[in-house]
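Going by the working numbering, 164 is the number at position 132 of the sequence shown; the sequence numbering is gapless.
Data block below; observations after.
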Amino acid sequence: MNAKVSELSALDDFIKLPEENILEFRKKGHTLIQNILSKEETIVYRPVIVDAVERYNTEKRKLQDRDTYGKAFLQIMNLWQVDANVKRFVFAKRMAKIAADLMGVENVRLYHDQALFKEAGGGPTPWHQDQYYWPIDTNNTVTMWMPLVDINVDMGMLTFASNSYTNGAVFNHEISDESESAFDDYVKKKGFPISRAQTMKAGDATWHRGFTIHNAPGNNSDKMREVMTVIYIADGARITPYKNDWQKNDHHKWLMGKPIGGLIDSELNPKLL
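The following block contains the structure:
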């Protein structure tokens, strides 16, 4: 059963980031920050998010009956809209301030949250760029990827092609077998260093720019890889014309169909600081 909102830590205090994390993020397009949530905070928030995922997950097919994307993870988006307890996590100023500090901006807005739970035996997540899907006019976007349980590389650790974000969208491919092949060739041709942690504790998080190329291996363990993500965009970003049908869908779903060229400031995209 969910904890009451009043019993949950607010997560609204700020953490001073080590300078090396900021420099790494701005150079490589990703960084790992440890101990964002304490063990005690993770113990409280994990069941809140897991309970919401169980209630709102709509994927009922067996793993073998799904396509590559479906085998990669269970994906449940914008849980903050349907669960007040999850909202407290998604709107946390602690994480929003980290996002702002990494990007060097004064304030950030929410794009959306998504739980990414990779089941035991779940397949790999192909190489892709998140911002391929987003009709946003800035490179100042960042995704926080936080495991809710201790994980190791065998459970599907997020893997980055360092320095790969600077050229914007590389291909017109959604996440798929096709994107995996094309990006794999591109990453090798460009000689981008491949980087991933061997282990992460619950409450640690990686942070990556929207155009950073990344993937994850399958989950070869017998445990669920429970990860919660929040996508932040710099305040002042605007909506761009569609470059694919996915961006058209995102415009209506996450930006509430606000005018192209206008500010991203709908009620689904609140300022977080």
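Glycine included, every Cβ here is placed at the ideal spot set by N, Cα and C.
Query	Result
Stretch-stretch touch, CB-based, cutoff 8 Å, three pairs: the region 162 to 170 with the region 216 to 234	no
Own chain, CB closer than 6 Å to residue 66, minus 5 neighbours either side, in chain order	236
Contact under 8 Å by Cβ, residue 131 with residue 176	yes
Residue 279 - DSSP class collapsed to helix/strand/coil	helix
Three CB pairs or more closer than 8 Å across the region 124 to 143 and the region 217 to 227	no
Extent of the continuous alpha helix (DSSP H) to which residue 76 belongs	71 to 88
Euclidean distance between Cα positions of residue 203 and residue 144	23 Å
N- and C-terminal bounds of the alpha helix (DSSP H) containing residue 120	116 to 122
Distance between residue 57 and residue 197 (C-alpha atoms, nearest Å)	11 Å
At least three beta-carbon pairs within less than 8 Å, the region 203 to 212 to the region 171 to 187	no
Beta-carbon proximity of residue 25 to residue 246, cut-off 8 Å	For residue 25 there is no data in the structure shown, the boundaries of the chain being 33 and 305.
Backbone secondary structure at residue 298 - three-state DSSP	coil
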